[in-house]
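Residue numbers (our numbering): 3 to 341. Below: one structure, written as structure tokens.
This is the structure:
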């Protein structure tokens with residue numbers, strides 16, 4: 003099983019100045035953190051895409067390209083590319099370029115995203131939310147498998163025997179994963195297309211997703227795909243510290259981000275009871291000491307048969323030294339136990 007770390011580039015809000023933390027500083031910290039991941043032998047780094055004041059990264063492919071120049075082995079993925087509001091030709095070109103820079107380490111996680119700011123920003127209508135994604139995924143997969151593309155859709159101009167360059171290293175093909183939040187129709191589509199699956203499990207109890215993942219396996223095989231090529235990942239909020247006080251203090255970071263997002267979605271204020279409940283064995287938070295996190299990942303392997311776990315590790319923008327220690331423990335203590 004592969005082990006990875008994901009980030010969104012969260013920016014803490016300073017109540018004194020009334021401003022978010024400097025995005026440039028945050029991005030440079032992320033690069034230092036990815037360099038450490040690579041040195042520790044962590045398998046994958048996934049960088050999210052957002053278009054808001056409280057996140058530093060709107061172009062994950064740029065950050066990943068910078069990371070490619072200072073790493074040697076770690077796979078570099080978007081987590082996720084909001085494909086509905088992106089141009090598939092440009093997505094392929096950007097990630098093919100990243101693939102060449104990194105000598106074959108690029109991956110794309112495509113999804114609809116849980117935020118909608120990119121739609122009005124890029125001039126797309128939310129009325130086309132479903133159709134935009136389906137059409138653009140079809141085109142991206144075609145570009146990924148064919149050098150000369152002919153394609154016709156409804157919401158984008160057709161392509162007639164057009165070429166897309168540069169081509170990625172592995173015969174032009176980049177691994178493209180389908181990232182989902184739990185919608186059965188999205189899981190069905192991924193299975194029928196034979197795409198690797200990433201399930202975001204960030205609340206409730208992971209066991210609630212078991213039927214969904216079994217549904218994916220069933221439909222994947224029913225569509226005629228080889229079981230040996232099936233890949234399933236989960237992506238969950240993660241933080242590692244062997245000091246109880248640090249884990250307790252991290253609640254404040256976590257609550258600040260949950261409440262900031264929740265204020266626009268009608269959520270009740272996040273509580274310490276929710277935090278502790280999520281940290282329990284049956285909860286969705288992989289937050290605790292290195293042994294606790296390892297045990298919980300192994301439990302996910304047991305109930306889901308996953309081939310990859312990605313710990314989303316910067317919720318609420320913990321301090322850089324705290325993040326570096328969390329990554330170090332994940333790589334040096336948690337990972338060996340899981341493997």
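Idealized CB from N, CA, C, for every residue including glycine. All of these numbers come straight from a predicted model, not from anything done at the bench.
From the listed residues 265, 25, 266, 253, the smallest Cα separation to residue 273 is found for 253. Shown here for residue 333: same chain residues with a beta carbon closer than 6 Å to its own, the five before and five after excluded, namely 42, 44 in chain order. Its chain contains 128 as the residues whose beta carbon lies nearer than 7 Å to that of residue 118, once the 5 sequence neighbours on both sides are disregarded; these appear in chain order.
Look at residue 235 here: in three-state DSSP terms it is strand. For a cut-off of 8 Å, the C-beta gap from residue 314 to residue 231 is around 26 Å, too long to register as a contact. Straight-line measurement puts the Cα of residue 49 at about 15 Å from the Cα of residue 38. Assigned with DSSP and collapsed to three states, residue 5 falls in strand.
Note that the C-beta distance between residue 102 and residue 28 is not below 8 Å.
Contact check between the region 301–311 and the region 200–216: three or more CB pairs, one atom from each, fall below 8 Å, which counts as touching. Per DSSP, the unbroken alpha helix (DSSP H) holding residue 326 starts and ends at 322–331. Taking residue 104 as reference, the option from 66, 10, 221 with the minimal CA-CA separation is 66.
Taking the Cα positions, residue 74 is about 17 Å away from residue 330. Non-local C-beta neighbours of residue 91 in its own chain, meaning closer than 7 Å and more than five positions away in sequence, comprise 145, 166, ordered along the chain.
For residue 173, the three-state secondary structure derived from DSSP is coil.
Nearest in C-alpha terms to residue 335, of all of 242, 312, 96, is 242.
Under the DSSP assignment, residue 162 falls outside any alpha helix (DSSP H), being part of the beta strand (DSSP E) whose first and last residues are 161–165.
In the DSSP annotation of this structure, the continuous segment of the alpha helix (DSSP H) that includes residue 279 starts and ends at 274–281.
At the C-beta level, residue 110 and residue 204 stay beyond 8 Å of one another.
An exposed status is given to residue 150, since fewer than 16 other beta-carbon atoms sit within 10 Å of its beta-carbon. In terms of CA proximity to residue 124, 53 leads the group 53, 8, 271.
Assignment of beta strand (DSSP E) within the region 197–276, counting only whole runs of 3 or more residues, yields 199–202, 234–242 in chain order.
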